[in-house]
Every structure is written in structure tokens, then in C-alpha cells.
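Note that the sequence shown covers residues 67 to 486 in my numbering.
Notes follow once the structure below has been shown.
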Amino acid sequence: MGRFTGLLGVVLILGIAFLVSNNRQKINYRVVLSGFFLQFFIAVLVFRITLVRQFFEMLGKGMAKIEHFAFQGASFVYGGLAVDKGNGTIGNYTSGGFVFAFNVTATIILVCALVAVLYHFGIMQRIVSIIAKAMNYIMRVSGAEALSNVASAFVGQVEAQVMIRPYLKTMTNSELLASMSGSLACIAGGILVVYAKMGAQAGMDLAPKLITASLMAAPGALVISKIVFPETEESQTLGKVKLEVKSSYSNVIDAISHGAADGFKIAMNVIAMLIGFIAIIALLDAVLISIGHLFNPDFNLTLNYIFSKIFYPFAWAMGVPAADVDNVATLLGQKITINEFVAFLNLTNKSVPIVTEKGLMIVSIAICGFANFSSVGMQIGGIGALIPERRADLAKLGLKALLCGTLASYLSATIAGILM
């Protein structure tokens with residue numbers, strides 16, 4: 067029954083995209099179907115092929131190693147601080163204990179430094195180019211949108227657009243939407259490692275699920291965006307995938323320095339957002355509870371309660387087991403209206419508990435992406451700085467990109483649920 071419900075979820079998600087399409091007659095069903103089957107094929111490989119699953123589990127263990135190496139750097143900086151080691155004892159930070167701000171900062175900085183080194187030597191560009199060529203061959207999308215969507219599975223929202231900077235000015239609106247949608251549907255490598263670590267702290271093996279989610283999101287975002295905004299213009303990069311392998315760093319030391327500095331900015335932004343958003347949520351919940359008590363002293367009206375009702379149909383349609391539907395809906399609401407970091411934090415600290423393995427699988431993939439309202443603003447500002455003459459187009463496409471990125475993540479989660 068759960069798999070049948072998931073099929074309904076696929077119909078619901080694609081149906082919403084079709085209903086909001088700006089030109090249904092021009093939808094290229096070859097692109098849509100090939101992208102959907104590519105997304106489905108990735109899921110089958112990961113969830114049904116033992117060797118592939120073991121490879122992804124190995125990647126997950128590698129991500130844990132990266133966090134361990136990051137801890138070495140953090141231990142030097144924060145050594146001497148007393149922390150709760152989690153077993154009722156207090157000890158030196160270097161000898162154990164998880165402090166969110168310290169560990170998160172260190173992990174993001176290390177991953178950003180590593181990505182910068184890979185970029186300096188041209189390795190990152192070549193990996194992205196190879197995968198993009200394969201996706202371009204299968205889906206027949208333009209080279210620019212294939213490159214940006216694949217790049218989004220490795221780097222941040224704006225960094226993915228920097229890789230296709232020479233094409234941004236002349237990209238069609240359909241291509242721009244596809245690129246924006248891909249960046250919102252995927253998650254950057256540094257943040258993905260952090261989420262995997264948060265899950266490991268709570269005894270959850272999230273790493274393979276998150277890697278799968280980010281890979282599935284690339285074709286998924288193209289599927290949804292090409293339904294919502296079909297291509298009606300001639301793309302200058304149709305059938306071409308050309309990525310300039312050129313480093314902006316003078317040497318490897320310069321790459322590490324810039325990567326670490328960029329990582330620190332991202333980490334501080336994450337910490338600031340969490341402090342601000344969680345505090346605002348507490349304030350709003352206090353106001354909502356007071357309003358609820360006016361009608362019924364036993365009714366605790368909260369944002370989580372509201373989210374659980376609004377997003378219930380999506381959670382159910384994705385095939386979430388009945389025991390988890392309310393809480394999965396709550397996390398879906400937190401992710402899109404607040405941000406994915408808050409959703410993952412509440413998932414991993416079990417303040418919004420998920421009790422079934424299938425429910426954990428579906429929600430982990432569904433909330434693994436940057437699609438939220440604040441990210442739309444960041445994206446318009448970041449890409450707008452690269453092509454200021456097209457800021458008006460970016461602003462018009464912003465909410466469409468949010469919808470496409472969200473539906474792409476939901477589609478990946480639904481497919482994973484069907485196969486589980």
C-alpha cells in the first residue's frame with residue numbers, strides 16, 4: 067500500500083508542476099521522461115544494487131573521516147575548553163564531546179578548503195564536466211543548465227553559477243530557472259557532511275541517503291523546471307558541454323587560504339541563521355500558544371502544529387508510514403519556510419521524532435536541499451551580482467525556482483520510498 071501511495075505522490079508532484087506551467091503546449095516530454103527515468107535509475111542503483119549501495123556506504127564513512135580530520139583543527143583552536151562529553155562527565159574538548167558551533171565550523175571550513183584545492187588543480191571541473199556530459203546526452207538539455215545542475219551537487223548555490231559565468235548573460239529564462247532550481251534542490255558538499263555528522267551523533271546513518279538525494283536532485287530539478295517553464299527559445303549551448311578549467315588561485319596555498327576563509331563565512335552565516343531563526347520560532351510559538359489558549363486552555367497552537375496540517379498531504383502522498391506522517395509534515399514545513407538546517411537539527415536531536423526507517427529515508431531526502439525562502443533571496447543577490455543586467459529576470463523566477471527545487475526534492479524522496 068505504501069508503494070501505491072508513492073505512485074500517487076509522483077502523480078501529485080508532476081501534476082502540480084503541470085498546473086503551474088506557463089506553456090503546457092511546449093512541454094518537451096522527451097526531456098521530462100528521460101530526466102525522470104534517470105532520477106529513477108540513480109535510485110535503483112543505490113537502493114537495489116548491492117555493490118553500488120556498498121560504495122555509497124563507503125563514501126559515507128569517508129565523510130565521517132573528513133569530520134574527524136576537521137576535529138583535529140578545531141581541537142587545536144578550542145583545546146582547554148570544558149565540555150559535556152555526553153555521558154554525564156565533563157572533559158576537555160579535545161578528548162571528546164560535540165559542540166555544535168565548533169564542530170560545524172571546522173567541518174565546513176575543511177570541506178571548502180578541499181573543494182578549493184580540487185578546483186585549483188582542475189579536478190572538480192573535470193568531474194562536473196564528465197557527469198554533465200552524460201546527463202546532457204541522456205536528457206538533451208543545454209550544456210549550461212546541465213553543468214550548473216551537476217555542479218550544485220558538489221558546491222554551493224552561487225558557486226555553481228560561477229562555473230557557467232560566461233553563459234549566464236545569454237541564457238534563456240528557461241535555462242536560468244533550471245539552473246536556479248538545481249541549486250535549490252541540491253545541497254553543498256560542506257553542509258552535506260555536517261548533516262551526516264549530526265545524524266551520526268543521533269545514531270542515524272544519513273550519509274548515503276544525503277549523497278543519493280543530492281545526485282537525484284540534479285535531473286529531478288530539470289524535470290520539474292522544464293514542465294513549469296518549457297524551453298521556447300534557442301539556447302546557445304544546446305548539445306554543448308564546455309567548462310573552462312581555469313583556477314583563480316595563484317597556488318595551492320592560496321587555494322587553501324581562500325577556501326578556508328570562504329568556509330568560515332559560510333559557517334558563521336549558518337550559526338547566525340540558526341540563532342536568529344530558532345529565537346524567532348520560540349517567540350512566534352509563545353504568541354501562537356497564547357492565541358490558542360484564548361479558545362481552549364488545553365490547545366497548544368504552535369508552528370509545528372500548523373506545518374503538520376499544511377504539509378500533511380505531501381507527507382502522506384510520498385508514502386510516509388502513518389506513524390510518521392504528522393512529524394514528517396512538520397519537518398517539510400520547517401525546511402521550506404525557515405530553512406533546512408533547522409529541519410535537520412530537529413530531526414537529529416529528535417525534538418521532532420521519526421520512528422520508522424522508511425519515514426527517516428523519505429524525510430532525509432525531502433529536506434536535503436537549499437529550497438527555502440531565505441535561499442531565494444541569497445540566490446537572486448548572488449547570481450544578480452554576476453549578471454546585474456538580468457536581476458529583474460532572476461527576481462521574477464525566484465519563487466518559481468523555490469517551487470521547482472521543492473518539488474524536485476519531494477520527487478526524489480517519493481521515488482526512494484517506492485523502492486524501499
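Don't be surprised by glycine CBs; every beta carbon is placed ideally from N, CA and C.
Short Cβ contact (9 Å threshold) for residue i with residue j
{"i": "ASN370", "j": "GLY358", "result": "no"}
{"i": "ALA467", "j": "VAL442", "result": "yes"}
{"i": "PRO387", "j": "ILE93", "result": "no"}
{"i": "SER208", "j": "LEU304", "result": "yes"}
{"i": "LEU276", "j": "THR414", "result": "no"}
{"i": "MET237", "j": "ALA210", "result": "yes"}
{"i": "ALA219", "j": "LEU176", "result": "no"}
{"i": "ASN215", "j": "ASP459", "result": "no"}
{"i": "GLY329", "j": "ALA179", "result": "yes"}
{"i": "VAL408", "j": "VAL289", "result": "no"}
{"i": "THR173", "j": "VAL86", "result": "no"}
{"i": "ASN169", "j": "PHE142", "result": "no"}
{"i": "SER475", "j": "GLY448", "result": "no"}
{"i": "VAL165", "j": "LEU147", "result": "yes"}
{"i": "GLY256", "j": "ILE332", "result": "yes"}
{"i": "VAL421", "j": "VAL318", "result": "no"}
{"i": "THR155", "j": "ILE337", "result": "no"}
Residue i, buried or exposed, once every other Cβ within 10 Å from all chains shown has been counted against 16
{"i": "ASP150", "result": "exposed"}
{"i": "MET124", "result": "exposed"}
{"i": "GLY75", "result": "buried"}
{"i": "ALA451", "result": "exposed"}
{"i": "ASN405", "result": "buried"}
{"i": "HIS186", "result": "buried"}
{"i": "ALA461", "result": "exposed"}
{"i": "LEU469", "result": "buried"}
{"i": "ILE293", "result": "buried"}
{"i": "GLU241", "result": "buried"}
{"i": "ALA244", "result": "buried"}
{"i": "PRO379", "result": "exposed"}
{"i": "ALA27", "result": "Outside the shown range of the chain (67 to 486) lies residue 27, about which nothing can therefore be said."}
{"i": "PRO363", "result": "exposed"}
{"i": "GLY325", "result": "buried"}
{"i": "SER301", "result": "buried"}
{"i": "LYS401", "result": "buried"}
{"i": "GLU423", "result": "exposed"}
{"i": "ILE341", "result": "exposed"}
{"i": "GLU455", "result": "exposed"}
{"i": "SER356", "result": "exposed"}
{"i": "VAL394", "result": "buried"}
{"i": "GLN223", "result": "buried"}
{"i": "ILE181", "result": "Note that residue 181 is Val in the sequence shown here, rather than Ile. Classification of VAL181: buried, given that the 10 Å Cβ count is 16 or more."}
{"i": "LEU465", "result": "exposed"}
{"i": "ALA327", "result": "exposed"}
Straight-line Cα distance separating residue j from residue i
{"i": "PHE113", "j": "THR71", "result": "19 Å"}
{"i": "GLY269", "j": "ASN412", "result": "14 Å"}
{"i": "SER478", "j": "PHE106", "result": "8 Å"}
{"i": "TRP382", "j": "VAL77", "result": "13 Å"}
{"i": "ALA217", "j": "ALA226", "result": "5 Å"}
{"i": "ILE62", "j": "GLY157", "result": "Because the chain here runs from 67 to 486, residue 62 falls outside it and cannot be looked at."}
{"i": "ASN88", "j": "GLY101", "result": "20 Å"}
{"i": "SER316", "j": "VAL228", "result": "18 Å"}
{"i": "LEU349", "j": "MET339", "result": "15 Å"}
{"i": "CYS252", "j": "LEU360", "result": "42 Å"}
{"i": "MET334", "j": "LEU80", "result": "37 Å"}
{"i": "TYR95", "j": "ASP351", "result": "45 Å"}
{"i": "ARG192", "j": "PHE121", "result": "21 Å"}
{"i": "GLY265", "j": "GLU299", "result": "44 Å"}
{"i": "VAL194", "j": "PRO274", "result": "20 Å"}
{"i": "ALA389", "j": "PHE343", "result": "28 Å"}
{"i": "MET201", "j": "ALA345", "result": "42 Å"}
{"i": "ALA109", "j": "VAL221", "result": "21 Å"}
{"i": "MET129", "j": "SER323", "result": "22 Å"}
{"i": "PRO285", "j": "PRO232", "result": "22 Å"}
{"i": "ASN198", "j": "ALA254", "result": "The residue asked about is misnamed: residue 198 is Ala in this sequence, not Asn. Whole-angstrom Cα-Cα distance: 17 Å."}
{"i": "MET444", "j": "GLY248", "result": "15 Å"}
{"i": "GLY385", "j": "ILE431", "result": "13 Å"}
{"i": "LEU397", "j": "SER440", "result": "17 Å"}
Nearest-angstrom beta carbon gap, residue j and residue i [assumed within contact, 8 Å]
{"i": "ASP392", "j": "SER374", "result": "5 Å"}
{"i": "ALA437", "j": "THR472", "result": "5 Å"}
{"i": "ILE433", "j": "PHE410", "result": "7 Å"}
{"i": "MET246", "j": "LEU463", "result": "6 Å"}
{"i": "THR160", "j": "GLY139", "result": "With 8 Å as the limit, THR160 and GLY139 do not qualify as a contact, their Cβ atoms being about 11 Å apart."}
{"i": "LEU213", "j": "ILE230", "result": "5 Å"}
{"i": "LEU234", "j": "ILE453", "result": "5 Å"}
Q: Identify every run of the beta strand (DSSP E) within the segment 121-187, keeping only runs that are complete inside it and at least 3 residues long; order them along the chain.
A: 148-150, 156-158
Q | Every unbroken alpha helix (DSSP H) within the segment 81-106, with a cutoff of 4 residues, ordered by chain | A | none
Q: Within the segment 345-432, note down every full beta strand (DSSP E) run reaching 3 residues or more, in order along the chain.
A: Note on the segment 345-432: there is no whole beta strand (DSSP E) run with a minimum of 3 residues.
Q. In the segment 204-250, which residue ranges form an unbroken alpha helix (DSSP H) of at least 4 residues, counting only runs that do not cross its ends?
A. Correct list: 209-217, 223-228, 231-234.
Q) Counting only runs that start and end within the segment 245-326, where is the beta strand (DSSP E) found for 3 or more residues in a row? A) none
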